[in-house]
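Colleague: Can you read through this structure? Questions will come right after.
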Amino acid sequence: MLPEFIAGLAVSLLLASLLFWFLQKRLRLNRNKANTIAPFYLLPVVITVLLILVTLVLVFPRILDLPHIIADNYEVVETDVSPGILVPTGIRVDGQHYFVPHRNLPKTGTKVRLYVTPNAGYVMKIDTIAEEATEDMAFSRRAKILVGPD
830 MLPEFIAGLA
840 VSLLLASLLF
850 WFLQKRLRLN
860 RNKANTIAPF
870 YLLPVVITVL
880 LILVTLVLVF
890 PRILDLPHII
900 ADNYEVVETD
910 VSPGILVPTG
920 IRVDGQHYFV
930 PHRNLPKTGT
940 KVRLYVTPNA
950 GYVMKIDTIA
960 EEATEDMAFS
970 RRAKILVGPD
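Be aware that the sequence shown starts at 830, since it is given in the numbering used here, and climbs by one per residue.
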């Protein structure tokens, strides 16, 4: 899922760059008093708000996640997949939205482990957890607690 993350970062950087370029163009028109329609004088304000939103919502979280991706260090979230937590763009667990590419959505009724970037909430890997394995792990933890460490 790394190529999708990098493509999303590139598109968000491109969008922020285009908004910045368009803002400069509109400010130049305002400075030269070349606007022919009066409401267009306020267009730089709208572009500035859009630029700030795109930067804060799309660009910064992905840039902050790059060191985590390079170090292969993700947050791990385990959940049971039910129809209520699947949303069109991903999975919602405990009020937190995690973006999953559509072709990788897990099946309902399974227990999954999600490896998520901490800032953007982008799911990098999905593992299905077998119920027997989790029961064996819980039993072995209880056994070590009762017996003590080796």
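Note that the Cβ used here is the ideal one computed from N, Cα and C, for glycine as well.
#1: With three or more beta-carbon pairs closer than 8 Å as the criterion, would you say the stretch 907-919 touches the stretch 852-868?
#2: Flag this pair as yes or no: are the beta carbons of R921 and L838 separated by less than 8 Å?
#3: Kindly indicate which three-state DSSP category R970 falls into: helix, strand or coil?
#4: How is T937 classed by DSSP in three states: helix, strand or coil?
#5: Using alpha carbons as the reference points, say which of L887, G938, G919 lies closest to V910.
#6: What residue ranges within the stretch 874-946 form continuous alpha helix (DSSP H) runs of no fewer than 4 residues, ordered along the chain?
#7: Alpha carbons only, please: which of T957, Q925, K936, V929 is nearest the one belonging to F834?
#8: Unbroken alpha helix (DSSP H) runs of length 4 or more, entirely within the stretch 832-876: which are they?
#9: By how many angstroms is the C-alpha of A949 removed from the C-alpha of A817?
#10: What does the alpha-carbon distance come out to for the pair V976 and V941?
#11: If you compare alpha carbons, which of V888, L880, E907 is closest to A836?
#12: For D956, which residues of its own chain have a beta-carbon under 6 Å away from its beta-carbon, when the five flanking residues on both sides are left out?
#13: So, helix, strand or coil for M953, using DSSP?
#14: Note down, in chain order, each residue of its chain lying with its Cβ closer than 7 Å to the Cβ of L934, except the 5 sequence neighbours on either side.
Modeller: Walking through what the data contain:
#1: The stretch 907-919 and the stretch 852-868 do not touch, with fewer than 3 CB-CB distances between them shorter than 8 Å.
#2: The Cβ atoms of R921 and L838 lie no closer than 8 Å to each other.
#3: Its pLDDT being 46, under 50, R970 is placed unreliably in this model, and the coordinates cannot settle the point.
#4: Residue state, collapsed to three classes: coil.
#5: Among L887, G938, G919, the Cα nearest to that of V910 belongs to G938.
#6: DSSP assignment within the stretch 874-946 yields the following whole alpha helix (DSSP H) runs of 4 residues or more, N-terminal first: 889-899.
#7: Cα-wise, what sits closest to F834 is V929.
#8: Correct list: empty.
#9: The structure shown does not extend to residue 817, since the chain is modelled only from 830 through 979, so no value can be given for it.
#10: For V976, the predicted model reports a pLDDT of 44, less than 50, meaning its position is unreliable; a value from the coordinates is still stated below. The C-alpha of V941 is placed about 30 Å away from the C-alpha of V976.
#11: Answer by Cα proximity: V888.
#12: So the list reads R942, once near-sequence residues are dropped.
#13: M953 carries a strand assignment under DSSP once its states are collapsed to helix, strand and coil.
#14: Counting only Cβ-Cβ distances below 7 Å, and skipping sequence neighbours, we find L915.
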